[in-house]
Each structure stands twice: as C-alpha cells, then as structure tokens.
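Read the structure below first, then the notes.
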Amino acid sequence: MNDTVLNNNALAFIGLCNEYCQAAESAAETERRDFIDTMLRLLPRIYIAASDLSADISTEEAYINPSLEEDYYESVRRAIENIMGPDDTYLEVFEEDMKYSDTPIAASLSEGLTDIFQSVYNFIEMIKLDPLALAPEALAAIKEDFESYWSQILCNNLRALNKIKYSSSDID
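Count along the sequence shown starting at 1, add 66, and that's the number in our numbering.
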C-alpha cells in the first residue's frame, strides 16, 4: 500500500466523516442547540480536511458504490428537518438560477446536510469494507465529489447555521 494515502489528514478526514455520520444519524435524539453546535464545529473541519486531501489515483478510476438506502436517507433528512423547524428553509444566494430570477430561491438545511451525509456515509461504508485496499479509490472519489458537488452545499449550510446560532434569541 502507498503510505502517503493514509496520511494524517486522510485519517482525520475519515474520523470527521464518521463523527458527522453519527451526529446526523442521532439528530432525532439531540437537542437543537447541541445539533447546531455540532454542525458548526464539524462542517468547517470537514471542509478543510477535504480540501487538503491528495488524490493518488485518477478520478476516472475512483468510484464509491452507493450503500445508503433511500428510506434511511429520508429518515435522517426528516429528523434534521424536525429539529430545525421553521429555520430549515433559508434563502440561497449562490444558486445558479438566481442570476435569472427576481424572486428569492429557498434551500433546505435538512436536504443539504443529508446530501453531505449521503456522500460521507457511502465513503465510510466503502472504507469499512477493506480500509487498506479501498482507501485510495474512496479518498479520490470523495475529493472529486466534494469539489464538484457538496463543497458549496457545505458552505451554504454553514452560513445558514451560523445565522441561526448568532441571530436567534432562542435556538432551543
């Protein structure tokens, strides 16, 4: 195995993804304030670690087999939606369609956080199968997915969560 694949950053990223999955999966049993605080603590760290991942194989070879079932995705999304309540919807300013619209475009925290969950869940499940053999491919695939899809979602959700935490008089 290439020793540079599981460097400290890769190991930290795997740990952060696992922690994120645990937080999302336990949202239904978590107090709102604690959930928001956890997301505000994890999301920036995941962003930094994902940005710093090095892909040692081409992304053409990299693929993560989806393992998250739609029903489970939906149960996690609903739990997050319930905990966020009316704050689940926020105005999205980085939506591509915004250039052509006079009306605001709404986005959903629960959907965005669950989209991130889906990517990191599938990544963690793949790593669990055979950490040493599958890590290079999984890391390259998740880095590609991060860059092309969920990095912007993460930033948008972070901005919305930050607004909730520091603009609300009562986030409980």
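Idealized CB from N, CA, C, for every residue including glycine.
C-beta atoms of residue i and residue j nearer than 9 Å
i: Phe-183; j: Ile-149; result: no
i: Ile-193; j: Ala-201; result: yes
i: Ala-115; j: Leu-82; result: yes
i: Ile-219; j: Asp-181; result: yes
i: Leu-175; j: Glu-147; result: yes
Alpha-carbon spacing of residue i relative to residue j, whole angstroms
i: Met-105; j: Ser-217; result: 15 Å
i: Ile-130; j: Glu-203; result: 8 Å
i: Arg-144; j: Arg-225; result: 21 Å
i: Phe-212; j: Ser-185; result: 8 Å
i: Phe-189; j: Ser-233; result: 34 Å
i: Tyr-215; j: Asn-73; result: 24 Å
i: Pro-152; j: Ala-199; result: 44 Å
i: Leu-227; j: Glu-135; result: 26 Å
i: Glu-210; j: Glu-91; result: 24 Å
i: Lys-231; j: Tyr-139; result: 25 Å
i: Glu-158; j: Ala-173; result: 6 Å
i: Cys-87; j: Asp-154; result: 19 Å
Element boundaries [alpha helix (DSSP H), containing residue i]
i: Ala-173; result: Counting along the chain, Ala-173 falls outside any alpha helix (DSSP H), though it belongs to the beta strand (DSSP E) covering 171-174.
i: Glu-95; result: Run containing Glu-95: none; DSSP gives neither H nor E here.
i: Tyr-139; result: 136-150
Residue-chain proximity (residue i, chain D), Cβ-Cβ < 9 Å
i: Leu-200; result: Note that chain D does not occur in the displayed structure, where there is just one protein chain.
In chain order, which alpha helix (DSSP H) runs of at least 4 residues are fully inside the segment 190-219?
-> 197-211
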